[in-house]
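Shown next, in structure tokens, is the structure this report addresses.
Chains as they are written, first to last, in the working numbering: chain Z, 26 to 484; chain F, 26 to 484; chain H, 26 to 484; chain U, 26 to 484.
Written as structure tokens, this is what we have:
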């Protein structure tokens, strides 16, 4: 193919060949080639018969690839050359006309952009499905009490539905991030040639439209050097995987005997090879464990691009395995996460018993004092004293006598005991976005509307 | 402040205190507190006089902070407690009313969101300035020839202006990314309390509007656990720093004696402590060197968030140093980069001499054959043979005789020599986004329009 | 200082200056300069009086730096130039003789190597102290029962002392890693000049010995380009911080109300600004949270070194902030961790109650069957069936009747119930390194011996 | 296998199964199982016939795996269960005896330790081969002059052999690092059971000796939770890959037309799909590009281990793909790098012409002044003035007249011109480790001795 007469060293072939992994880009490569044929026809590089020959040839190649009957050869350096090689076998030397006005540099950037636009769309769909699952769970458990935690210490009671919705809103942001990543793929590299543009005035606008791009890239050097769209996809995947790691982590903790808040379905758990009693929340653990690997794909590509002179360099070939691993990981995580949540069972009694801890109402006592005119910081101190008294005497807050309570502040009377009653705290959280039932109902409505919009966007 | 009686261990204070770095958030903290006062007034937690007292007290505290006369104390755990402590000193115990209906958890998330919205705006401004500098340079050098490179091998000639514009378009994408990061900060955490919402029905819509947020956050647990907006800023900064590392890397290579394409101004270069002749492109090297550090800020925060149970945990305190270092690094890099480019001098002769290498026109000979009916892949092979003949006999392509040329392909005649003439290749790159003069002129126009829009957006 | 006439641009100075952070290297820089003076004397570059003058001058500079009275100037690019500048102010132009036969390139590499050798020694000392604390805790709690976990599910009972020793052995490996990092600093860069060696045949062996290096570096180009010793320190710190993150994470989980296994001392806990009842394990959370930041220092330096041409480049200046942050972080974490553990209180009853869960003895029943001739995999299945029966009928394993038990396997009789008795399982773990009391006693002895050796090594 | 009745969800199987990648551990798994049989025999869990049956069964399984005829099944969760399943098919239910006194937790840690010890040995061998290649190249080019660079600016001339040896010493450190990584694998996890030890007092010392471990691990909980040995391997691989990235980067720069210092063999270069003249140094580019990916394997595993509670968790399964990718990458890079260097051709004339640049002798003029009594800093200033005069008047240093030279310093006479003569500078670098011929000869000798030792160590 080049001026280089010698066969490549087998070790170099192993280092250099990308066919092992880039073969998954074949549908994008075929699509790009078919659109490119239109350009060549307009330029009269090929005539109608030539167009038909090459187009049918590509269809035949695609059929082989689709059927798994395509015969890859060791000398096929990448999927692009493999397809062109096979096309030429099928239609003769005229197949070599296809690469007119094109370089692998703009071709591969185009293929990857097309691919990532599709995968971003798939990720968005999977996210919406998971959001739907979370919303359904939140509705089912909208009045189940549990302790909310800060520092993994019981802090204030919340409804389980409220807690689950926290993940709904994280995923809403993830959906936006993947949409932005899809948007980053909208400038078409094809037509930039090796780096300087082409000797042919292709109708790049038309090709872009045909392939679903918004516009041709404005600068040929940038077009073949740019992988920002892959970085944007990887950022979206990384943040999403981090969210899933927090969900997985909570499910692992909640599945412990000590918490006992939930149990995964048997279909999503593993046993132990040695301990017959074990039921391990492996799926939740793996959701948790996958995030660093997705981050690693992002940092790999950032590292490859670091200090890299323009325009195309072979280093850019290292983009693909990083991207493909992240795609596979995030898609599997989202899909498995959704199914795993579907089989999750919560334990209402354990949750309620933990939420009944009176200490989590301490803030409410302080607010009670504020309503009676005490500055908050002072009220905080008064309640801190009550808590200390209770702990040191081994009692709960409501077990303190009215006299003891009054000795901390005369402002506290029966309302003190009322505030400590189970559930009082929970429905006092009336601020917008808070856990009080009425607010939670509003939040569920808002989530419904968001989901409806996301679902209809996709139609 | 709490039920905990003992003084903290000094080692714990060193580990725990964030005042050393979070003091830079004081303007956001004051602004947030002042807006919060409005809520407390509406709720009648404070009356008009109380409002005035606290508002003026905050002004006084702000004045001290601004003037650098604020007396920080070792026991000030963070900037939020320092401000409240000082306010209470100034206005008495009533200062403690300020923290009604608020937790540090929603307060610090709000402060950081406000801060990052401002810094994203600053980054956008600096990016636009750098884009302006690049565009001016591109216009000045729109007809300077240079070799374009792939694999750092001369590939095809381009105009220097075309090459410089590649960075313009990278930065345009960076601007979009920072705008998206600013957008991520638009949901106000304030009013979420510790995690569950508040016992007070604050007018969160009004406070959000006052502080420039688009809306209150929809879920209190998510609001205090969320740092996505910081991740989005860090992603924008990381990709931008990577772009600058590629620019810095090229300037370092171009400044070498061997390339000799450009020279930094003395004001942006360093000498050597031992070698009197040295003039080193330190600024370009540092532009190159900063990217991994910004990436590290992103991975630090991702690592901290990995598997972290909801809601707030102390781990989140590790967000700030990572974010602040990235902010300082990217702002300084952008600003210094812009100034450094302003003093850069290119060497027209060295660039032109390198571009005159005939080999870079080889693609044009192949395209010539295509125009005469030869499939491209075959034409590529013919020219590969010509190149080999030239190299093996130590001649340039135009030094081959007409007979030799014809022996490779009878289709090649005088047009072969014409295509090799200096400059012919360059202006043959007529595809949209290509380097040909007319296309470059269009690109400069497009860049002008982009810049105009970006500049007017900011007004 | 150079051929460059113009003053540097203030923005460039901000980008370029390292004085802000590298001033902490002053003791190493003074030590290196004093040793270098010996070389210059031997070479007769300076005479005895010159040696005395410069040596005393350096002492005076060091005294100012030590006392904090050294007057840094904006034009001091780094600590090395600041010291030379001040020396020249004190002793006159003759101070300029100090930089004979030396470049900042070999000087800064030497300073950093000296610094990291010291810090590695400090880290080793802090690790040994923490190991001592863990061993003491393990001895105190050597017969406290607790459930051991896999997948955060109760798996098999262990002694708390056994669990705590797991961290002892992690730290033993960390100590080895820091020792290896110290070993990496043993080749002295000084005497390599800018990159090519020097015009002076310095006695590098003697200088190396004086500064505590094992030998001079063998290649001058490598010597000024090499930062492997910093990477080795950062690796040691990263793995150690990861170990501490696991310890911190367990303490956070164990401090939860649900586990209730331990409680930090008040001196190492924080309250909440809003919730008066809170006592948060902030120190444990911060131990957990610091690891990603240390990893980020490692990846920053790896990123800076990526693809960097030899020899010295300004990019290498980015090594210092990464290293210093890691040093400060790991030293504070180790020290605070040791103190925090000192105040930790475990709850014997809660631990024992959790360990009394009969399910954790399931493996023992299986092994019982094996002893009676059943292949393990089959025995595992039998016990799995017993567990299922118990769970489905809401009973414990010992609540199953002898008939029910026999229906699963006739091999099971009274020994079935004996194996389920509290504690039986624990002391049956008799393999070397297992938790059985006798084995634990051996392990405590072994740990004692390790600690003794480590402590005496340092004397 | 467990108490869990339901079949696993197919999505969970995809998430959970590790067979796809962990099958490469089969030789270690078989070896570990065979050694374990010895323990079971000693414990009389099996008799001689049982031992023979299981041992021969494992041989049969191994033969199938080796021949590629082993029939993997979808339900095989990992290689360990696949082997046990097949063994049981071959020898009947008695095959289930093999898992007595063993858990997958200690089994998989043992397999990975064995695997990494082998790969560390392979890496060491490949490093030594590459060191040998570099040393041979250094000897061939020990008197070829080239400019040494700092900041990619010509700094001082060096011999090419000296420059190449810089990589030799980097690799020597890499060899030490891999040896340390091998050392980290020397504590045998096998015999730790699930986490608490075993009900069987296995002879762990004997098994360790049989499998080449130095000792049994001292703590069963640590043993199954520990992946430090993998982190140590990954650190060694990461630093080594970084070194190769610097080598690759230099070869790319040196292969540019502008430098023209070297050319890769055709067998290690690629052409362009569009530009017939191109010969790209793809192998060097890929050496450069692989480092971030190896770093990513390290950070993946560190991220997975972050904050992970003891003991085994499913997250640890994420160790393998990271490790395997790093192993494959570093081994291929080392091997291909060695071969690529074998075909590299340097251009003596281009190197010498670049080295003849008089400016690189400026330090020597300054040292000349020092020998005549001028303090170095002052001498540096004088030469800086000479350089400025030369540059501003467009002349070389030797084109300045004796009067002009004397006007900068009367100390400079004929020796000024002598110092500027080609080559004078080079052989004046006489300090140990410097580039002067005699010192380089010593260095080549030292390298020979190092290599000899490394080669004999392996015998």
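Idealized CB from N, CA, C, for every residue including glycine.
Whole-angstrom distance between residue j and residue i, CA atom to CA atom
i	j	result
residue 269 of chain F	residue 161 of chain F	18 Å
residue 391 of chain F	residue 198 of chain U	49 Å
residue 239 of chain U	residue 472 of chain U	31 Å
residue 26 of chain F	residue 295 of chain H	Confidence at residue 26 of chain F is low in this model, with a pLDDT of 48, below 50, so the placement of that residue is unreliable and no value is reported for it.
residue 288 of chain F	residue 280 of chain F	6 Å
residue 31 of chain Z	residue 241 of chain Z	38 Å
residue 172 of chain Z	residue 185 of chain Z	9 Å
residue 285 of chain Z	residue 274 of chain Z	14 Å
residue 37 of chain H	residue 367 of chain F	13 Å
residue 81 of chain H	residue 479 of chain U	47 Å
residue 149 of chain U	residue 158 of chain Z	51 Å
Minimum Cβ-Cβ distance from residue i to chain U less than 8 Å
i	result
residue 21 of chain H	Absent from the model: residue 21 of chain H. The displayed extent of chain H is 26 to 484, so no value can be given.
residue 293 of chain Z	yes
residue 457 of chain F	no
Cutoff 8 Å: residue i Cβ touching any chain H Cβ
i	result
residue 178 of chain Z	yes
residue 348 of chain Z	no
residue 302 of chain F	yes
Chain F contact for residue i (CB, 8 Å cutoff)
i	result
residue 169 of chain Z	no
residue 187 of chain U	no
residue 446 of chain Z	no
residue 26 of chain Z	Residue placement at residue 26 of chain Z is flagged as unreliable, the pLDDT there being 49, under the threshold of 50; the coordinate-derived value follows with that caveat. Yes, residue 26 of chain Z lies at the interface with chain F (some Cβ there is under 8 Å from its Cβ).
Proximity test, Cβ basis, 8 Å: residue i and chain Z
i	result
residue 23 of chain F	Residue 23 of chain F cannot be examined here, being either before or after the span of chain F that is shown, 26 to 484.
Paired residues, beta bridge with residue i - DSSP
i	result
residue 175 of chain F	F:178
residue 371 of chain F	F:287
residue 295 of chain F	F:305
residue 240 of chain U	U:212
Which runs of the alpha helix (DSSP H) fall wholly inside the region 32-95 of chain Z and span at least 4 residues, in chain order? Within the region 32-95 of chain Z, the complete alpha helix (DSSP H) runs of at least 4 residues are 35-41, 44-47, 51-67, 73-92.
Near-chain Z residues of the region 30-41 of chain U - C-beta to any C-beta below 8 Å: Taking 8 Å as the Cβ-Cβ cut-off, the region 30-41 of chain U approaches chain Z at 30, 31, 32, 33, 34, 36, 37, 39, 40, 41, given in chain order.
For a minimum of 4 consecutive residues, which ranges assigned as the alpha helix (DSSP H) are wholly contained in the region 430-465 of chain Z? 439-445, 449-452
Interface residues of the region 307-326 of chain U facing chain F [CB-CB below 8 Å]: 307, 310, 324
Going along the region 389-414 of chain U in order, which residues come within less than 8 Å of chain Z, judged by CB to CB distance? none
Ignoring anything shorter than 4 residues or poking outside the region 320-368 of chain H, list the alpha helix (DSSP H) runs there in chain order. 344-367
Going along the chain, which residues of the region 326-342 of chain Z sit with their C-beta nearer than 7 Å to a C-beta in chain U? 328, 329, 338, 339, 340
By the 9 Å beta-carbon criterion, what residues does the region 47-61 of chain U contribute toward chain Z? Those would be none; no residue qualifies.
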